[in-house]
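Chains as they are written, first to last, in our numbering: chain Y, 274 to 986; chain V, 311 to 359.
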């Protein structure tokens, strides 16, 4: 294993990049992973004295950020970046427009200031209220409370008004509405009482209530951010530049300036920023991001290598064929980065539940107000306000997104890439687990069993040309077995048929490299020339080490695994029995369409298989889990992609979703019981607005605490 | 009870003074990063090994 080469940061000094990355001519922000301790901070910040022209360097550990200010006449940004790298860190320049940290900071600051204003006003109003209980001059303290409540009802409660109004404009009832109504109604009611010279004044409880709600929201926001911090995704930001080959050497360009047909250069351990056709004679790429297989694969000249592949050999020249934003990898990158919890089914369900509950609460309050008004107008108003405050389903609105965020984090730690959080709900319904055999339960990495010496060089060339663009395990096995040729013939009308093989025309003849149509054997294929059989090729295949244990574990947990194979019955039965499948659980000689039918028959079922060949079955399944075939293709049809080889991720997925839903159910139950009981007590007059204002944030706090404690287990 | 007319303005002044101080500290970025300073203080300025 060689040490990684120093990264070339010279691009940072070009004007083109400076306009994109630099905050101003002298400042730039870097995302630096691996700052974990006091020593790291010292190492980095200690550079200020030793690097001439470095004016300021501040580390922000929580966000893994380094702010750099230089004297542009003395020091270039690239030198700073290289110096940071020499200290053993990996700096990634943050583009200005990507700098969501600035937005986050602005939001954090305004949250804190609002909280401070709420705390100050509420605290002082409380002391005044306290003084009146001990016989202080009521009119004076009530008047002061009124004055102090003015900033609360305007500035502090502003986000609630805005949220409630935005939702109302979209014909929805938002969780902000009861707060907004309680704040305004309480203000009006209390002010009226104050003018009348009566003592039913609730400035104290309302301001305290708003303060506690703001506090709970802040905690919820911070926790959610902690769960969803996607540091590993920042890797994608390193793709913002590319070396374009010029007449002499190369020059750095921003990725936006790469055009299709441009020749570009990548060096060791860099990630391909676009789909590219290989110009160098040969190169090794790791497709770990795309296929989960960490082992480097050999590609020959002319092969189109997908964006996201990482170069393992020293350097390679390529011609751009597809821009990053159009490649599957780029789309996945965008999708995963923009991960949104809002279009999630469970959030929608709990949102709908919360809406329904809110509607009920408002209806109850209004009905109560109408019927109780003749008895006592003041009492009717007081109890209605209490109900609005105490029965606000905040806990419900907080709990579910938080629980899901926490589950997503856990899933990511366990090596599951999920398209969205919907999959956790779907995984709860699954009873039958359908497993594909080849590549799922048995190993992807196959070996050609025939001796290369027995195959004529012409046939070898034809096979290599045909398979050059393919990412199928057999294609890799062929490339591994044959020594590379300099002069590979060109292929016309090339086509890859998933689950069948490859076809194309070479030297005017139609060649097919595919499975025999009559015998479906997944560990062999044959070469045909103009439809005439030439010869067979055989491949080895072994069971993945974790398959058996995982299957047993899943059976013990009450799931019913079945084996779906396109392979011959004899081979499928042999593999199936070795893995403990009953004969009636083994289905062999299936076409992709047969598999899809079976998955539908056994619904609700989970389909675990190859991302490409089993895509139909995975789309039909309740949950599709891809174990190979590349992230981009897989996530089109499957909801989950397992990064680690083997099927143990299936058990992890079922675990994570079970934990998530247990937590969500528990949170919903707690808040439902609380809301119904506290709401009834409020209407019966046992809870006045003051008590309500204390009870309600406590329930939200309980939900937050419950979720947080569970997430630490 | 006349002392109240002195105490109330004083307490309010004190209270709002603290709020103003807090808002100033937020605005000047002192609360943006609450993690690193705890480590920075451990730096005794000795030479790196």
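Beta carbons are placed, not taken as given, at the ideal position from N, Cα and C, and that holds for glycine.
The structure presented is a predicted model; accordingly, all values stated were derived computationally and were not measured.
- Relative to residue 753/Y, the option among 736/Y, 527/Y, 765/Y whose CA is nearest is 736/Y.
- Contact note: residue 385/Y reaches chain V through 336, 341, using a C-beta cutoff of 7 Å and chain order.
- The residue from 859/Y, 651/Y, 636/Y, 578/Y with its alpha-carbon nearest to that of residue 740/Y is 578/Y.
- Within chain V, no residue has its beta carbon less than 8 Å from that of residue 481/Y; the closest one is some 15 Å off.
- Between the alpha carbons of residue 401/Y and residue 434/Y lies a gap of roughly 27 Å.
- Following the DSSP letters along the chain, one finds residue 328/Y inside the beta strand (DSSP E) bounded by residues 327-333.
- With respect to residue 360/Y, residue 316/Y sits close: the two C-beta atoms are nearer than 7 Å.
- In the structure shown, residue 830/Y falls within a coil segment according to DSSP collapsed to helix, strand and coil.
- Per DSSP, reduced to three states, the secondary structure at residue 692/Y is coil, with no helix or strand assignment.
- Under the 7 Å criterion on CB atoms, residue 349/V is classed as interfacial with respect to chain Y.
- When C-alpha distances from residue 476/Y are compared across 962/Y, 985/Y, 672/Y, the shortest belongs to 962/Y.
- At the C-beta level, residue 492/Y and residue 977/Y come within 7 Å of one another.
- With respect to the 7 Å criterion, residue 495/Y and residue 429/Y are not classified as neighbours on the basis of their beta carbons.
- Residue 632/Y holds the alpha-carbon nearest to the alpha-carbon of residue 446/Y among 632/Y, 393/Y, 641/Y, 321/Y.
- Between residue 966/Y and residue 478/Y, the beta carbon gap of about 4 Å places them in contact (Cβ cut-off 8 Å).
- The residues 320, 324, in chain order, have a CB closer than 7 Å to that of residue 356/Y in the same chain once the five nearest residues on each side in sequence are set aside.
- Interface criterion not met: the Cβ of residue 550/Y is under 7 Å from no Cβ in chain V.
- The C-beta separation of residue 553/Y from residue 569/Y comes to about 15 Å, leaving the pair out of contact by the 8 Å criterion.
- In the three-state scheme derived from DSSP, where H, G and I count as helix and E and B as strand, residue 558/Y is classed as strand.
- Residue 583/Y is bridged by DSSP to 544/Y, 559/Y.
- Not a single unbroken stretch of the beta strand (DSSP E) spanning 3 or more residues falls wholly within the stretch 381-446 of chain Y.
- Within the same chain, Cβ atoms closer than 6 Å to the Cβ of residue 397/Y are found at 421, the five residues on either side in sequence being excluded.
- Between residue 584/Y and residue 524/Y, the C-beta spacing is not below 7 Å.
- Straight-line measurement puts the Cα of residue 880/Y at about 17 Å from the Cα of residue 825/Y.
- In this structure, residue 835/Y and residue 707/Y form a Cβ contact; the two beta carbons are roughly 5 Å apart against a cut-off of 8 Å.
- Residue 351/V and residue 351/Y have their C-alpha atoms some 29 Å from each other.
- When 9 Å is used as the limit between beta carbons, residue 322/V is near these residues of chain Y: 397, 417, 421, in chain order.
- Looking at the DSSP output, residue 777/Y bridges to 784/Y.
- Take the alpha-carbon of residue 344/Y and the one of residue 522/Y: they are about 30 Å apart.
- In the DSSP annotation of this structure, residue 745/Y is not part of any alpha helix (DSSP H), being labelled neither H nor E.
- Annotated as proximal: residue 897/Y and residue 912/Y, with beta-carbon spacing under 7 Å.
- Taking the Cα positions, residue 457/Y is about 11 Å away from residue 480/Y.
- In this chain, residue 926/Y is not harboured by any beta strand (DSSP E); it is covered by the alpha helix (DSSP H) spanning 921-956.
- In the DSSP annotation of this structure, residue 345/Y is not part of any alpha helix (DSSP H), being labelled neither H nor E.
- Contact check for residue 823/Y and residue 924/Y: beta-carbon distance about 6 Å, within the 8 Å limit, so the pair qualifies.
- Sixteen is the threshold: since fewer than 16 other Cβ atoms of the shown chains lie within 10 Å of the Cβ of residue 530/Y, the residue is exposed.
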